[in-house]
Structures are given as C-alpha cells and as structure tokens.
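**Student:** First, the structure itself, so that you have it in front of you.
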Amino acid sequence: MNILTRVFLRYDNEKIYYPNSVLITKPISNFYRSPEMGDAVNFTIDLSTPMETIVSLKKAIQMYIESKPKYWNPKHSVIVKEIENVDKMKMALCVQHTINHHNYGDRNIRITELLFELKKIFET
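First residue of the sequence shown: 253, per the numbering used here; consecutive thereafter.
Written out as structure tokens, the structure is:
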C-alpha cells in the first residue's frame, strides 16, 4: 500500500499510477458508482400516421423493453421532438440501461438489438 499514489484501472484493466499531488487538481469519476446510462433512439414518422398506430407502436416498444429486464429499466418514454416540413414528426425513444458507462461495449450490443426490434415493429 502506498499513500503517495493512487491506482486506477483503465477500461482495458491496465493499472495506471498517479501521484496524489497530481490528483488533487483533477476531477475523478467512479464509473462503478455512476448512475445507470441513458440513451435515445431518434426516428421519424409521417405526420398523417393515425393515433391508433402511434399508440400500438408505443405498446409494442413497451412490451419489448419490459421483456428485457436485464437490459432496460422499465421506465422509458417516446417523445415528439419536432414537426418537420409539415409532413414528418421527429420522435425519440428514451431508454435507461441497467448498466453504467463503464460497460460501453455492452451498450453497443443492447442498442443494436433495440434497433433491430424497432425495425421489426415499424415493419408490422
């Protein structure tokens, strides 16, 4: 144990040693204690899409997210961001992962699966 330095693990588990005199002037984040990571997927639908279709879209998204409790926090939202050119509605699906920013590789896998599922939902 050395009281003059601190050891940090990099994303690839390499140990990095810093003297305390350097760290006193730097902000430090603890990824293991960081909150769960949020994400957003943007998509556009036609403005003339009936409300019934939008409601069924939201329900299908909710069913998928609730079917993956190890991946997603059930709290999510589908929001309208803007109306573009009077014929398109820009929307976003806002989700919260059950992991933090430390697991960035897992995040990419989960988002890919979510995008494939959204593609299936849009095609039905």
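For glycine and all other residues, C-beta sits at the position ideal for the given N, C-alpha and C.
By Cβ distance, which residues of its chain are closer than 7 Å to V330, with the 5 residues on each side in sequence left out?
**Tutor:** K310, I313, M343, L345
**Student:** Do T257 and N272 count as a contact pair if the criterion is CB distance below 9 Å?
**Tutor:** yes
**Student:** What are the boundary residues of the alpha helix (DSSP H) that includes T301?
**Tutor:** That residue, T301, is in no alpha helix (DSSP H); it is neither H nor E in DSSP.
**Student:** Name the residue from P302, K371, M289 whose alpha carbon lies nearest to the alpha carbon of R359.
**Tutor:** M289
**Student:** Can you tell me the Cβ-Cβ gap for V385 and M341, rounded? I've got them flagged as a contact below 8 Å.
**Tutor:** No answer is possible for residue 385: it lies beyond the span of the chain, which begins at 253 and ends at 376.
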